[in-house]
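Be aware that the sequence shown starts at 11, since it is given in this note's numbering, and climbs by one per residue.
Everything below concerns the one structure shown next.
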Amino acid sequence: MFRSLTDSRVAVMSLRQVCNAVLCRRLQGTFAKRLFVTESAESRNETVDVTAADEKPEFSETRSRHVQRQIARKQNKSRLEPQHRNIVMGVRPYKSSKDWFHTTVKYKKRMLGRYGLEGNAEPAGFAWPTPEEIEDAKEYERVAYPRSLQESWERIELRNKRRAEQKKLRENTIIEKLGKMEQWTTELQDKIARKEAALEAARLRKERLVEEVRRHFGFKISPNDNKFKEMLAQKEKEEKKKNKEAKKQAKLERFQRMLQKNVKNESNEQATESPEKSAE
Numbered sequence: 011m012f013r014s015l016t017d018s019r020v021a022v023m024s025l026r027q028v029c030n031a032v033l034c035r036r037l038q039g040t041f042a043k044r045l046f047v048t049e050s051a052e053s054r055n056e057t058v059d060v061t062a063a064d065e066k067p068e069f070s071e072t073r074s075r076h077v078q079r080q081i082a083r084k085q086n087k088s089r090l091e092p093q094h095r096n097i098v099m100g101v102r103p104y105k106s107s108k109d110w111f112h113t114t115v116k117y118k119k120r121m122l123g124r125y126g127l128e129g130n131a132e133p134a135g136f137a138w139p140t141p142e143e144i145e146d147a148k149e150y151e152r153v154a155y156p157r158s159l160q161e162s163w164e165r166i167e168l169r170n171k172r173r174a175e176q177k178k179l180r181e182n183t184i185i186e187k188l189g190k191m192e193q194w195t196t197e198l199q200d201k202i203a204r205k206e207a208a209l210e211a212a213r214l215r216k217e218r219l220v221e222e223v224r225r226h227f228g229f230k231i232s233p234n235d236n237k238f239k240e241m242l243a244q245k246e247k248e249e250k251k252k253n254k255e256a257k258k259q260a261k262l263e264r265f266q267r268m269l270q271k272n273v274k275n276e277s278n279e280q281a282t283e284s285p286e287k288s289a290e
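Take a look at the structure:
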């Protein structure tokens, strides 16, 4: 009987322990959920700097430098070379010299002007010119600009004055030509009209000669026929001869009229001179 009581007590204690364990786990789960929700709400209220998280990640101090470098390399998704990425980020491309011109003063001056004091590990005094460079600059200025400042200003004023005179002359020429524009337009139109009239007269003369040749033969003949061409050439020759004789006759008549006019003027002068002589 004592043994049965002992077994019943052990069973009751084990059941109580199991219940206590289950209850503890439930309490721990509830507390953990509430804590997680609180932290999530606080994290949602915080403002996150995306650029800082992407470009300037904060590493745990417990991590080694090797792990930090690996994480930084994986976070760089640009696929740019390190020097090119440094240029994009506004940092000097190389931390140390990689080529021969990286040690030149010209390159260092460029880095100093572009990235400031962080562009070089050396002090900024190296950018000042040396005494030899100053003397070379003075010599160059003395050879390239031998005149004084006053002489240079006088030459500039003279050049500006000459340019102003040329500009004024050009403007006057343009104004004068614009004034003659209407006259030139009229002359051009008259010239075009005379040329068109001459072409029309030549066309009519050609048609007239062709019609005369056809009337000469008495039937319709092809213009490509040799007889037609010979007769047309003969008619053109006769036409030119008539025109030449007409021009000659017109010239002769013009000369005769001029001669008659001169004779008439001489007779009038003699008539005016004779009364004066009789009066004397």
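A virtual CB, placed ideally from N, CA and C, is assigned to each residue, including glycine.
All figures in this text were calculated on a predicted structure; none of them were measured in a lab.
Given residue i as reference, the closest of the options once Cα atoms are compared
i	options	result
Lys116	Trp138, Ser106 and Arg95	Trp138
Gly129	Ala281, Val32, Arg157 and Arg102	Arg102
Lys250	Asn182, Ala212 and Arg79	Ala212
Ala131	Lys119, Asn234, Leu198 and Arg225	Lys119
Same chain, Cβ closer than 6 angstroms to residue i, neighbours up to 5 away in sequence not counted
i	result
Cys91	For clarity, residue 91 is Glu in the given sequence; the question names Cys instead. Cβ within range, chain order: n/a, list empty.
Gln193	none
Glu279	none
Integer-rounded CB distance, given that residue j should sit under 8 angstroms from residue i
i	j	result
Tyr104	His112	7 angstroms
Where residue i falls, given that 16 or more other Cβ within 10 Å makes a residue buried
i	result
Asp77	What sits at residue 77 in the sequence shown is Val, not Asp. So Val77 ends up on the exposed side.
Val223	buried
Val60	Reliability of the predicted coordinates at Val60 is poor, the pLDDT of 47 falling under 50, and no value is obtained from them.
Arg19	Caution is warranted here: a pLDDT of 49 is assigned to Arg19, below 50, making its placement in the model unreliable, and the coordinate value is therefore given only provisionally. Its Cβ having fewer than 16 others within 10 Å, Arg19 is exposed.
Ser277	exposed
Own chain, CB closer than 7 angstroms to residue i, minus 5 neighbours either side, in chain order
i	result
Ser88	Arg95
Ile97	Pro103
Gln93	Pro103 and Tyr104
Lys108	none
Leu122	Gly129, Asn130, Ala134 and Ala137
Closer than 8 angstroms: residue i CB and nearest the ligand NAD heavy atom
i	result
Ser74	The ligand NAD is absent from the structure shown, which contains no ligands of any kind.
Contacting residues, own chain, Cβ-Cβ under 8 angstroms from residue i (five flanking each side not counted)
i	result
Ser158	none
Asn291	Because residue 291 is not part of the residues shown, which for the chain are 11 to 290, the question remains open.
Val47	Low confidence applies here, because Val47 scores a pLDDT of 49, under 50, leaving its location unreliable; read the following figure in that light. Answer for Val47: no residue qualifies.
Arg215	Glu249
Pro133	none
Val58	Unreliable positioning characterises Val58 in this predicted model, as indicated by a pLDDT of 49, which lies under 50. The coordinate reading is nonetheless provided below. Answer for Val58: no residue qualifies.
When the Cβ atoms of the stretch 230 to 239 are set against those of the stretch 249 to 256, are three or more pairs found closer than 8 angstroms?
no
For the stretch 217 to 228 against the stretch 242 to 251, do three or more pairs of beta-carbon atoms, one drawn from each stretch, fall closer than 8 angstroms, so that the two count as touching?
yes
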